[in-house]
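Colleague:
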Amino acid sequence: MSTDTAPLPVGRYAYDQVDRTFLSQRVAQFREQVNRRVKGDLSEDEFKPLRLMNGLYLQLHAYMLRVAVPYGMMGSDQMRMLAHIARTYDRDYGHFTTRQNMQFNWIRLEDTPDILQHLADVDMHAIQTSGNCIRNVTCDEFAGAAADELLDPRIHAEILRQWSTLHPEFSFLPRKFKIAISGSPHDRVAARFHDIGLVARPGAQGRPVFDVFVGGGLGRTPIIGVQLRDNLPEEDLVAYLEAIVRVYNAYGRRDNMYKARIKILVQALGVEAFREKVDAEFALMDRADYRLDPAIVDGIRARFGIPELVAPADAAQKLAADRKADPAFDRWVRTNTHPHRNDGFISAVISIKPDGGIPGDVTADQMDLIAELADGWSFGEIRVTHMQNVVLGHVRKDRLRELWGKLVAAGLGTPNIGLVGDIIACPGLDYCSLANARSIPIAQKLSARFADPELQERIGRLHINISGCINACGHHHAGHIGILGVDKRGEEFFQLTLGGSAANDVAIGQIIGPALPEDETVDAIARLIDTYLVLRQGDEQFIDTYRRLGAASFKDAVYAPA
Amino acid sequence: MPLLENGHIKDDTWVTVTEDAPLPATGAVIVPFARLEEGLARGADAPLGVTIGPDVDVSLLRPALPRLGLVAVTFTTFRDGRAFTQARALREHLSFTGEIRATGKPLPDQYEFMLRCGVTTVQTERAEDISVWQQAHEIISVAYQPSVLHERRQGLGLRRFLS
Chain Z
8 MSTDTAPLPV GRYAYDQVDR TFLSQRVAQF REQVNRRVKG DLSEDEFKPL
58 RLMNGLYLQL HAYMLRVAVP YGMMGSDQMR MLAHIARTYD RDYGHFTTRQ
108 NMQFNWIRLE DTPDILQHLA DVDMHAIQTS GNCIRNVTCD EFAGAAADEL
158 LDPRIHAEIL RQWSTLHPEF SFLPRKFKIA ISGSPHDRVA ARFHDIGLVA
208 RPGAQGRPVF DVFVGGGLGR TPIIGVQLRD NLPEEDLVAY LEAIVRVYNA
258 YGRRDNMYKA RIKILVQALG VEAFREKVDA EFALMDRADY RLDPAIVDGI
308 RARFGIPELV APADAAQKLA ADRKADPAFD RWVRTNTHPH RNDGFISAVI
358 SIKPDGGIPG DVTADQMDLI AELADGWSFG EIRVTHMQNV VLGHVRKDRL
408 RELWGKLVAA GLGTPNIGLV GDIIACPGLD YCSLANARSI PIAQKLSARF
458 ADPELQERIG RLHINISGCI NACGHHHAGH IGILGVDKRG EEFFQLTLGG
508 SAANDVAIGQ IIGPALPEDE TVDAIARLID TYLVLRQGDE QFIDTYRRLG
558 AASFKDAVYA PA
Chain H
373 MPLLENGHIK DDTWVTVTED APLPATGAVI VPFARLEEGL ARGADAPLGV
423 TIGPDVDVSL LRPALPRLGL VAVTFTTFRD GRAFTQARAL REHLSFTGEI
473 RATGKPLPDQ YEFMLRCGVT TVQTERAEDI SVWQQAHEII SVAYQPSVLH
523 ERRQGLGLRR FLS
């Protein structure tokens, strides 16, 4: 545990005694709530929202605890604590989620207060990882490192984390509420698939401004968010978000949980009428009270550790030579790294999608190793991505090959980021009480089928997303190829959607035809991909071939095997 | 449960009048929103309060507010958070300084949220010991966002201490 005089943790907000006091009070509060539940003073119905706001779900076989990783950033000490929790209270593993959190699937209710205390010991918690409240704010996994970044969004992500924590007015919203923030012109946060998506950039006076998107989301009713406001000044960020969420809290539907998200309200009122309500609320607010003073922002920024990026002058040359010497390393660099703003550094993506594995699952030993590698190579800083992988943000180029060697030795060197093996899948019927079908076995079969790294690279960028039911936790609508599990008279079927995207070219995938039986799904996708390889022009990506030719060209491949 | 103010029991000086009961000519009464005009028709010096459901737009109270000593907001279920927004709008947009009473079925675990949104008293149908409410009021001492209580800021960030 760090103290107030310790060096600041790189890439995230450093807690001090006041923040720690808050967390320990929160743990004590939950311990008491569990006691009241056990004594019968709270019914399960009453206890449910309280446990959900501490990340505790009841799943098919056990409780699941979802631990918050604010904007995906954590330190090696925190990762080691997660490993300890996995060993002590779970079955030796954990699971990275698409909201950049970590969840444990085999938790006992009575252990939860102790687990929360362990988390609090390393400045972590499970606050608002569930429930009808503002959830973990997500952020670009290359924040503060990416060469294309205009502004580091983590400072404002932290501000929004703090602002939304136990918000007195917004803890019992009609439904859950998700915010994402990006500071790059290349959307890596799916800003337009969020209740609120924020895209930040430097403004005229040297302070950030924000484009505000609202009413996007996947789930049962996929909708692309609309731009509500452009160039929102930083000082109005909290006030404007208060206004949006207040309008939602007052007018969002509460009679039907499937129509309760803000996207339904925005659609029902129409964007203009919704904007008028938000503007009216915003105009009434005492802006001095809600003003996000630059001093507040700078005060929070000052709690973030900054990496000292010092690399030898020949670091880039050394990397070039290493790549030339080793084709396997070269391939991994092509697929699993991202350009850094400093020429001596690079961001490395650790794939948590081994061939034939379960997307996002990580063992306690792997967590410890990731912590060790973060300490050795990236200032102790670890990032969880919304693709369920892990990023070491600041790796010296001349030391990258050594890092890769250690990853490969531990089974963490799969070169498949952004490729067909980098599948997003929800927990599905193996864990979840909502699911209609098992997502994980389909992911494993696809991943094994396309394990050949050469083939994967030839296929190129291709996002496959699998959801086990229409709640769409695997974001199938946003996948280039989306797979949705459906139940047909007690049997698992899978419906394919094509053409979705969560990036700048945001789109909702379209259903190609009738759902397929489980045992035909993987073959159908293989034929679909073969067809693409025949039809594509040059090194055209799957999504572009699909957009050029439309669904008809692929339908025969899916439904009429040769 | 008895009437609660700042974690302590308080004598209730108000009489709540139901939908169809006769309206007393004098004394402090709380009328349902549907009977607000009737309540206002009593003498200007007869203390008047109103109970509103979660779907009432509080700006409709604006003309009556100078005459109102109390507005009761309703948690039809603890899951319905609209009363928080109503209370806050009463304080922030309508500058209401009278009593805001939370009624219905809120949880003690929501007590601090209510206070920070401008609720002053709680009258619930729940049965648990008053100490649970007192504890809910005292257990958390730090908050991270502005509230109608204008708590003391702590340091340079968003934090403030709840007293």
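The listed protein sequences correspond, in order, to chains Z and H.
Under our numbering, the first residue of the first sequence is numbered 8, with each subsequent residue one higher.
Under our numbering, the first residue of the second sequence is numbered 373, with each subsequent residue one higher.
Just so it is clear, CB atoms sit at the ideal spot from N, CA and C, and this is done for glycine as well.
Computed from a prediction, not measured in an experiment: that's the story for all the values here.
According to DSSP, Z/P240 sits in a beta bridge with which residue or residues?
Modeller: Answer by DSSP bridge pairing, in chain order: Z/V216.
Colleague: Please compile the residues from chain H whose C-beta is within a distance smaller than 8 Å of the C-beta of Z/Y96.
Modeller: Result: empty, since nearest Cβ-Cβ is about 25 Å, beyond 8 Å.
Colleague: Interface residues of chain Z around H/F450 at Cβ under 8 Å?
Modeller: Within chain Z, the residues near H/F450 are E53, P56, F179.
Colleague: Are the Cβ atoms of Z/L426 and Z/Q373 separated by less than 8 Å?
Modeller: For Z/L426 and Z/Q373, no; Cβs fall outside 8 Å.
Colleague: So does the stretch 450-469 of chain Z actually touch the stretch 118-125 of chain Z, counting three or more Cβ pairs closer than 8 Å?
Modeller: No: fewer than three Cβ pairs fall under 8 Å.
Colleague: Measure the beta-carbon distance from Z/V216 to Z/L248 and round it to whole angstroms, keeping in mind my assumption that it falls under 8 Å.
Modeller: No, Z/V216 and Z/L248 are not in contact; Cβ-Cβ is about 14 Å, not under 8 Å.
Colleague: Give the list of continuous beta strand (DSSP E) stretches no shorter than 3 residues that lie fully inside the stretch 102-162 of chain Z.
Modeller: Correct list: 109-114.
Colleague: Could you give the distance in angstroms between the alpha-carbon of H/T446 and the alpha-carbon of Z/L180?
Modeller: Computed Cα separation, rounded: 15 Å.
Colleague: Count the other CB atoms, across all protein chains shown, that sit within 10 Å of the CB of Z/V317; report buried if there are 16 or more and exposed otherwise.
Modeller: Exposed is the call here.
Colleague: Determine, using beta carbons only, whether Z/T28 comes closer than 8 Å to chain H.
Modeller: Yes, contact with chain H.
Colleague: Which chain H residues are close to Z/D48, counting only those with a beta carbon under 7 Å from its beta carbon?
Modeller: Neighbours of Z/D48 on chain H, chain order: E500.
Colleague: Which residues mark the beginning and the end of the alpha helix (DSSP H) in which Z/H68 is found?
Modeller: Segment: none, Z/H68 is in no alpha helix (DSSP H) and carries neither H nor E.
Colleague: How about H/A459 and H/V491: do their beta carbons lie closer than 8 Å?
Modeller: Against a cut-off of 8 Å, the Cβ pair of H/V491 and H/A459 comes out as a contact.
Colleague: Between Z/D321 and Z/R330, which are expected to be in contact by the criterion C-beta below 8 Å, what is the C-beta distance as a whole number of angstroms?
Modeller: Their Cβ separation, rounded to whole angstroms, is 14 Å, which puts Z/D321 and Z/R330 out of contact at 8 Å.
Colleague: Please classify Z/M8 as buried or exposed, where buried requires at least 16 neighbouring CB atoms within 10 angstroms.
Modeller: Low per-residue confidence applies at Z/M8: pLDDT is 44, beneath 50, and the placement is therefore not dependable enough to give any value.
Colleague: Within 10 angstroms of the Cβ of Z/T145, are there 16 or more other Cβ atoms? Answer buried if so, exposed if not.
Modeller: Z/T145 comes out buried.
Colleague: Residue ranges of each alpha helix (DSSP H) run of no fewer than 4 residues wholly in the stretch 474-543 of chain Z, ordered along the chain?
Modeller: Correct list: 525-542.
Colleague: Do we get a CB-CB distance below 8 Å when we pair H/Q506 with the residues of chain Z?
Modeller: Output row for H/Q506: interface = no.
Colleague: Once the 5 residues before and after Z/V254 are set aside, which same chain residues still bring their CB inside 6 Å of it?
Modeller: Correct list, in chain order: K284, V285, E288.
Colleague: Report the neighbours of Z/I307 on chain H: residues whose CB is nearer than 8 Å to its CB, in chain order.
Modeller: Going along chain H in sequence order, the residues near Z/I307 (Cβ under 8 Å) are L528, G529, L530.
Colleague: At 8 Å on the CB atoms, spell out the chain Z contacts of H/Q495, in chain order.
Modeller: What H/Q495 touches in chain Z: nothing, since even the nearest Cβ is about 18 Å away.
Colleague: Please confirm whether Z/I473 has its beta-carbon closer than 8 Å to some beta-carbon of chain C.
Modeller: Among the protein chains of the structure shown, namely Z and H, there is no chain C.
Colleague: Just mark Z/Y539 as buried or exposed, buried being the case when its beta carbon has 16 or more other beta carbons within 10 Å.
Modeller: So Z/Y539 counts as buried.
Colleague: Put H/T521 into one of helix, strand or coil per three-state DSSP.
Modeller: Looking at the sequence shown, residue 521 of chain H is not Thr but Leu. Here H/L521 sits in coil by DSSP.
Colleague: Could you tell me if Z/F149 is buried or exposed, where buried requires 16 or more neighbouring beta carbons within 10 angstroms of its beta carbon?
Modeller: Looking at its Cβ environment, which holds 16 or more other Cβ atoms inside 10 Å, Z/F149 is buried.
Colleague: So, is the C-beta of Z/R33 closer than 8 Å to a C-beta in chain H?
Modeller: Yes, its Cβ sits closer than 8 Å to a Cβ of chain H.
Colleague: Pull up the CB-CB distance for Z/G497 and Z/G506, whole angstroms please, since I reckon it's below 8 Å.
Modeller: At roughly 31 Å, the Cβ-Cβ gap does not stay under 8 Å, so Z/G497 and Z/G506 are not in contact.
Colleague: Does H/Y483 get closer than 8 Å to chain Z when you measure Cβ to Cβ?
Modeller: Judged by the 8 Å Cβ criterion, H/Y483 is not in contact with chain Z.
Colleague: Work out the CA separation of Z/A198 and Z/F220 for me, nearest whole Å.
Modeller: In a straight line, the C-alpha of Z/F220 is about 7 Å away from that of Z/A198.
Colleague: If we count the other Cβ atoms within 10 Å of its Cβ and call it buried at 16 or more, is H/F533 buried or exposed?
Modeller: Exposed: under 16 other Cβ atoms inside 10 Å.
Colleague: Considering only residues of the same chain and omitting the five flanking positions on each side of Z/L291, which have a CB-CB separation below 8 Å?
Modeller: Excluding positions up to five away in sequence, the list is empty.
Colleague: Please say whether H/T475 and H/A444 have beta carbons closer to each other than 8 Å?
Modeller: Result yes, Cβ atoms of H/A444 and H/T475 sit closer than 8 Å.
Colleague: Sorry if obvious, but does the Cβ on Z/L410 come closer than 7 Å to a heavy atom of the ligand PLP?
Modeller: As for the ligand PLP, it is missing from this structure, which has no ligand bound.
Colleague: At the 8 Å Cβ level, is H/F456 part of the contact set with chain Z, yes or no?
Modeller: Yes, contact with chain Z.
Colleague: By the DSSP assignment, the alpha helix (DSSP H) with Z/M86 in it spans what residues?
Modeller: Start and end: 83-96.
Colleague: Return the Cβ separation of H/T496 and H/M373 in integer angstroms, given the expectation that the two are a contact with Cβ distance under 8 Å.
Modeller: Going by Cβ atoms, the distance from H/T496 to H/M373 rounds to 5 Å, so yes, they are a contact pair.
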